[in-house]
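Enquirer:
Protein chains in written order, with our numbering: chain P, 1 to 271; chain U, 1 to 319.
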């Protein structure tokens with residue numbers, strides 16, 4: 001046992017090396033964000049004298065935008081789950097005539113570039129007054145999260161034993177009652193996975209943010225970063241601080257909800 | 001979406017066969033109740049996928065500009081938008097860029113992703129944790145990653161040039177994003193970085209599905225190392241490989257965030273793709289007609305790959 005351990009050690013070292021290269025940009029983002037001030041043009045390799053003034057600036061400039069992102073992402077989670085969960089159940093368990101057609105539509109929907117949807121939605125939103133609005137962005141962001149959520153949830157719900165649902169139905173529960181009291185509690189984990197990814201997709205959305213908002217009233221944080229990038233950048237520390245703050249949900253989910261994220265990454269890796 | 005999600009396409013779900021005949025009574029009412037589960041999703045798909053696709057086709061045959069928003073007039077122009085787009089000197093540039101961007105990204109992501117998947121297949125201390133952390137670049141907002149890379153690749157003070165100069169690997173600072181000759185390569189490299197976790201994760205999942213007995217049997221026949229990969233791993237991984245590659249192509253074709261964040265399509269259109277050009281036409285120049293025409297061309301290219309994808313899936317099921 002001990003010998004195999006010793007023989008495996010080079011792999012661990014090599015693995016850490018690979019990961020260090022892959023995650024270097026993330027390190028560099030955090031490192032730069034901690035080095036603001038006049039000497040910040042050439043950031044040093046380690047934040048030997050860390051200061052948080054870049055974060056102060058980022059928060060003062062981007063707090064409202066982050067609030068917008070949070071509202072859009074939260075709204076998208078609720079909207080996506082409300083639409084996707086019953087649909088996933090129907091696709092998994094009911095024998096309806098058009099099931100395969102709906103599945104085909106879902107697969108094709110994931111191939112449609114966001115810019116195509118944005119192109120058409122812009123004109124429709126203009127007429128409906130949905131430009132520069134949080135509901136408008138929530139509805140648009142659903143185009144990424146709803147197909148994903150349906151596919152993830154359906155894959156799980158297929159494995160629910162029919163006897164479980166039958167038992168409730170025999171007791172006289174209708175489809176919705178059985179869905180609510182049996183299917184949802186049993187599917188808790190996959191619902192969490194679908195919800196977390198819906199949040200991340202909406203939080204990271206750029207295509208709809210840049211096309212469906214025209215004023216500064218509703219501005220997700222991704223657009224805040226983009227406007228830094230299109231301007232002439234004087235100091236990178238606040239830009240990196242904003243990027244780091246925008247990365248917080250991803251890091252939190254990866255650390256504290258790793259098994260849900262891993263399940264989603266394998267079950268429906270789309271982005 | 002993976003192969004597993006598609007396997008039931010076109011065949012009735014297994015579970016639904018167990019529906020007891022008792023529920024067949026009052027069939028129509030039951031059917032209506034069942035459809036209420038699907039109605040919101042179907043409505044949404046119709047409004048947010050069906051409508052945009054149709055609208056996009058209609059717009060591409062119209063002279064649809066900012067004026068349209070005030071007057072409500074969008075005169076029919078037939079194929080004029082397509083002719084303008086295809087005749088423009090930019091079209092061949094964007095087409096070539098889209099091709100190079102896609103092919104370069106896919107090859108890089110796939111080869112490195114495969115190497116990492118094979119590497120992580122041998123379980124060693126910490127391998128699980130390292131594999132989980134590898135997902136991070138994939139979960140970050142793309143625009144945040146673009147910002148970091150723009151800083152790393154900065155010609156004067158970016159860390160990459162600083163390091164290369166310090167190690168005397170380059171005589172002068174490389175204009176990663178500001179030279180038309182280098183910018184596309186840089187954008188491809190960043191996109192490879194972004195795609196590695198996706199490729200590695202899916203391929204690792206595929207590798208896990210290959211039974212160990214196959215390797216044991218192969219090693220008895222003297223197939224180890226490269227031979228084992230050639231005769232055991234690759235044939236068994238083929239369905240997953242095709243899914244990963246086709247999905248990779250479709251997702252790469254529509255990339256917008258990374259290019260807009262890093263270069264904005266420049267310098268001198270060196271990184272302009274069909275997707276960024278469609279954005280530029282519609283949302284910078286407000287020429288929605290030509291923007292729609294370009295995105296329809298993009299859809300057709302994506303659709304070709306989608307058909308390939310669905311066919312490969314079918315075959316994967318048949319096997």
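Idealized CB from N, CA, C, for every residue including glycine.
Note that this is a predicted model, so its numbers are computed, not measured.
If you reduce the DSSP assignment to three classes, tell me which class residue 65/U lands in.
Expert: Against the second chain, residue 65/U aligns to sequence position 65. Three-state DSSP puts residue 65/U in a strand.
Enquirer: Under a three-way DSSP split, which group does residue 138/U fall into?
Expert: If you number the second chain from 1, residue 138/U lands on position 138. Of the three classes helix, strand and coil, the one that applies to residue 138/U here is helix, per DSSP.
Enquirer: Identify, in the order they occur along the chain, each residue of the same chain with its Cβ nearer than 8 Å to the Cβ of residue 207/U, setting aside the five sequence neighbours on each side.
Expert: Within the second chain, residue 207/U is the residue found at index 207, counting from 1. Once the five neighbours on either side are set aside, the close Cβ partners of residue 207/U are 117, 118, 121, 233 and 237.
Enquirer: Between the beta-carbon of residue 245/U and the beta-carbon of residue 153/U, is there less than 9 Å?
Expert: By 1-based counting over the second chain, the position of residue 245/U is 245. By 1-based counting over the second chain, the position of residue 153/U is 153. In this structure, residue 153/U does not lie closer than 9 Å to residue 245/U by Cβ.
Enquirer: Please identify the residue among 69/P, 254/P and 219/P whose C-alpha is closest to the C-alpha of residue 136/U.
Expert: Residue mapping note: residue 136/U aligns to position 136 of the second chain, counting from 1. Nearest C-alpha to residue 136/U: 254/P.
Enquirer: For residue 310/U, decide whether its Cβ has a neighbour in chain P, counting only Cβ atoms nearer than 9 Å.
Expert: In the second chain, counting from the first residue as 1, residue 310/U sits at position 310. Yes, its Cβ sits closer than 9 Å to a Cβ of chain P.
Enquirer: Chain U partners of residue 211/P, CB-CB under 9 Å?
Expert: Working through the first chain from its first residue, we reach residue 211/P at position 211. Ordered by position in chain U, the residues that pass the 9 Å Cβ test against residue 211/P are 279, 282 and 283.
Enquirer: Count the other CB atoms, across all protein chains shown, that sit within 10 Å of the CB of residue 138/P; report buried if there are 16 or more and exposed otherwise.
Expert: For the purposes of this step, residue 138/P is taken as the residue at position 138 of the first chain. It counts as buried.
Enquirer: What first and last residue would you give for the alpha helix (DSSP H) that runs through residue 251/P?
Expert: Position 251 of the first chain, counting from 1, holds the residue named residue 251/P. Its alpha helix (DSSP H) spans residues 236-256.
Enquirer: At which residues does the alpha helix (DSSP H) containing residue 79/U begin and terminate?
Expert: In the second chain, counting from the first residue as 1, residue 79/U sits at position 79. Taken as a continuous stretch (DSSP letters only), residue 79/U belongs to no alpha helix (DSSP H), as it is neither H nor E.
Enquirer: Compute the Euclidean distance between the alpha carbons of residue 238/P and residue 85/U, then round it to the nearest angstrom.
Expert: Translated into positions along the first chain, residue 238/P becomes position 238. Translated into positions along the second chain, residue 85/U becomes position 85. One C-alpha to the other measures close to 40 Å.
Enquirer: Are the Cβ atoms of residue 70/P and residue 203/P separated by less than 9 Å?
Expert: Here residue 70/P refers to the residue found at position 70 of the first chain. Here residue 203/P refers to the residue found at position 203 of the first chain. Yes, they are a contact pair.
Enquirer: Is the shortest distance between the beta-carbon of residue 258/P and the beta-carbons of chain U less than 9 Å?
Expert: If you number the first chain from 1, residue 258/P lands on position 258. By this cut-off, residue 258/P is an interface position.
Enquirer: Taking the straight line between their C-alpha atoms, what separation do you get for residue 280/U and residue 291/U?
Expert: For the purposes of this step, residue 280/U is taken as residue 280 along the second chain, with counting starting at 1. For the purposes of this step, residue 291/U is taken as residue 291 along the second chain, with counting starting at 1. Distance between the alpha carbons of residue 280/U and residue 291/U is about 8 Å.
Enquirer: In this structure, does DSSP put residue 179/U in helix, strand or coil?
Expert: Start at 1 with the first residue of the second chain, and residue 179/U comes out as number 179. Residue 179/U: coil per DSSP, three-state reduction.
Enquirer: Looking only at DSSP bridge pairs, what is residue 287/U linked to?
Expert: On the second chain, residue 287/U is found 287 positions in, with the first residue counted as 1. In the DSSP output, where bridge partners are listed per residue, residue 287/U has 65/U.
Enquirer: Count the other CB atoms within 10 Å of the CB of residue 227/U; is the residue buried (16 or more) or exposed (fewer)?
Expert: As a position in the second chain, residue 227/U is number 227, starting the count at 1. Exposed, by the Cβ-count rule.
Enquirer: With 9 Å as the limit, tell me which residues of the segment 101-123 of chain P have their beta carbon closer than that to any beta carbon of chain U; keep them in chain order.
Expert: Here the close residues are 102, 103, 104, 105, 106, 107, 108, 109, 110, 111, 112, 113, 114, 115, 116, 117, 118, 119, 120, 121, 122 and 123.
Enquirer: Just mark residue 158/P as buried or exposed, buried being the case when its beta carbon has 16 or more other beta carbons within 10 Å.
Expert: What you label residue 158/P is simply residue 158 of the first chain in a count that begins at 1. Looking at its Cβ environment, which holds 16 or more other Cβ atoms inside 10 Å, residue 158/P is buried.
Enquirer: If you measure between the beta carbons of residue 221/P and residue 114/P, is that distance less than 9 Å?
Expert: Sequence index remark: in the first chain, residue 221/P carries index 221 (1-based). Sequence index remark: in the first chain, residue 114/P carries index 114 (1-based). For residue 221/P and residue 114/P, no; Cβs fall outside 9 Å.
Enquirer: Mapping the DSSP letters down to three states, classify residue 21/U as helix, strand or coil.
Expert: Looking up residue 21/U in the second chain gives position 21. Low confidence applies here, because residue 21/U scores a pLDDT of 47, under 50, leaving its location unreliable and the question unanswered by this model.
Enquirer: State the DSSP-derived secondary structure class of residue 175/P, mapped to helix, strand or coil.
Expert: Taking the first residue of the first chain as 1, we reach residue 175/P at position 175. Reduced to three states, the DSSP call for residue 175/P is helix.
Enquirer: Cα separation between residue 129/U and residue 106/U?
Expert: The count along the second chain starts at 1 and reaches residue 129/U at position 129. The count along the second chain starts at 1 and reaches residue 106/U at position 106. Looking at the two C-alpha atoms, the distance is approximately 26 Å.
Enquirer: Would you say residue 265/P lies against chain U (beta-carbon separation less than 9 Å)?
Expert: For this step, residue 265/P is matched to residue 265 along the first chain. Yes - at least one Cβ of chain U is within 9 Å of the one on residue 265/P.
Enquirer: Select from 259/U, 71/U and 43/U the residue whose C-alpha is nearest the C-alpha of residue 226/P.
Expert: Taking the first chain and counting its residues from 1, one reaches residue 226/P at position 226. Out of 259/U, 71/U and 43/U, 259/U has the C-alpha closest to the C-alpha of residue 226/P.
Enquirer: Looking at the structure shown, is residue 254/U part of a helix, part of a strand, or coil, going by DSSP?
Expert: What you label residue 254/U is simply residue 254 of the second chain in a count that begins at 1. Three-state result, residue 254/U: coil.
Enquirer: Helix, strand or coil, according to DSSP, for residue 155/U in the structure here?
Expert: Along the second chain, one-based indexing puts residue 155/U at 155. Of the three classes helix, strand and coil, the one that applies to residue 155/U here is coil, per DSSP.
Enquirer: When DSSP labels each residue in this structure, what does residue 248/U get in the three-state scheme?
Expert: Here residue 248/U refers to the residue found at position 248 of the second chain. Correct three-state label for residue 248/U: helix.
Enquirer: Can you tell me whether residue 27/P is buried or exposed, with buried defined as 16 or more other CB within 10 angstroms of its CB?
Expert: One-based indexing of the first chain puts residue 27/P at position 27. Exposed, because fewer than 16 other Cβ atoms sit within 10 Å of the Cβ of residue 27/P.
Enquirer: Under the three-state reduction of DSSP, which class applies to residue 287/P: helix, strand or coil?
Expert: The structure shown has nothing for residue 287/P, since chain P only spans 1 to 271.
Enquirer: Tell me which residues of the segment 57-73 of chain P have at least one Cβ-Cβ distance to chain U shorter than 8 Å, keeping chain order.
Expert: For the segment 57-73 of chain P, which is checked against every Cβ of chain U, not one residue is closer than 8 Å.
Enquirer: Just verifying my parser: in three-state terms, what is the DSSP assignment at residue 111/P?
Expert: Here residue 111/P corresponds to residue number 111 of the first chain, with the count starting at 1. If DSSP states are grouped into helix, strand and coil, residue 111/P belongs with coil.
Enquirer: Any beta carbon from chain U within less than 9 Å of residue 204/P's own beta carbon?
Expert: The residue given as residue 204/P occupies position 204 in the first chain. With 9 Å as the cut-off, residue 204/P counts as an interface residue toward chain U.
Enquirer: Please list, in chain order, the chain P residues whose beta carbon lies closer than 7 Å to that of residue 121/U.
Expert: Within the second chain, residue 121/U is the residue found at index 121, counting from 1. Those do not exist, as residue 121/U stays about 11 Å from chain P at its closest Cβ, beyond 7 Å.
Enquirer: From residue 41/U to residue 151/P, what distance separates their C-alpha atoms?
Expert: Taking the second chain and counting its residues from 1, the one referred to as residue 41/U is at position 41. Taking the first chain and counting its residues from 1, the one referred to as residue 151/P is at position 151. Straight-line Cα distance between these residues: approximately 12 Å.
Enquirer: Assuming contact is defined by CB atoms lying nearer than 9 Å, are residue 49/U and residue 149/P in contact in what I supplied?
Expert: Walking along the second chain from the start, residue 49/U turns up at place 49. Walking along the first chain from the start, residue 149/P turns up at place 149. Contact: no.
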